[in-house]
Amino acid sequence: KGDYARPIVKTLSLSTEELIRLRKKALLGFYLRPRYVFDTLKGIRSPRVLSNYIKSGIRLIRNHAFNFGTDTD
3 KGDYARPIVK TLSLSTEELI RLRKKALLGF YLRPRYVFDT LKGIRSPRVL
53 SNYIKSGIRL IRNHAFNFGT DTD
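Just so we're on the same page, the numbering used here is the position in the sequence shown counted from 1, plus 2.
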C-alpha cells in the first residue's frame, strides 16, 4: 500500500512531521473554504452523492483537524 501522506523529499529546514502537519493544514484550508463547500453542495443532484460528500467531509475533518501531530490520513 502506498503512503501518500508521507513526504518523499527530505528538507534541511523541516522535519517529516512538520511537512505532514503543513500538508494537513493545507488540505483543510483548501477543502473547507466556504466558497468551495458552497459550490460543491450547489452542484449535488442526488441524495447518494450528498451522502458521499457528507461522509468524506466528516472523514476529512476527523482525520485532519484533530490529528495535526500524527500522520493519520
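Here a beta-carbon is modelled for each residue, glycine too, at the ideal position from N, C-alpha and C.
For the segment 30-59, list the alpha helix (DSSP H) runs that are entirely contained and at least 4 residues long, ordered along the chain. The qualifying runs are 36-44.
My output table needs one value for leucine 16: the three-state DSSP class, helix, strand or coil. Note: leucine 16 maps to coil in three-state DSSP.
Residue nearest to isoleucine 22 in terms of C-alpha spacing, selected from Leu14, Lys44, Ile60, Ile10: Nearest of Leu14, Lys44, Ile60, Ile10 to isoleucine 22, Cα basis: Ile10.
Buried/exposed call for lysine 26, threshold 16 Cβ in 10 Å: With a threshold of 16 other beta carbon atoms within 10 Å, lysine 26 meets it and is buried.
Any idea what DSSP makes of isoleucine 63, helix, strand or coil? For isoleucine 63, the three-state secondary structure derived from DSSP is helix.
Helix, strand or coil, according to DSSP, for isoleucine 99 in the structure here? Because the chain is modelled from 3 through 75, residue 99 falls outside the range shown and cannot be assessed.
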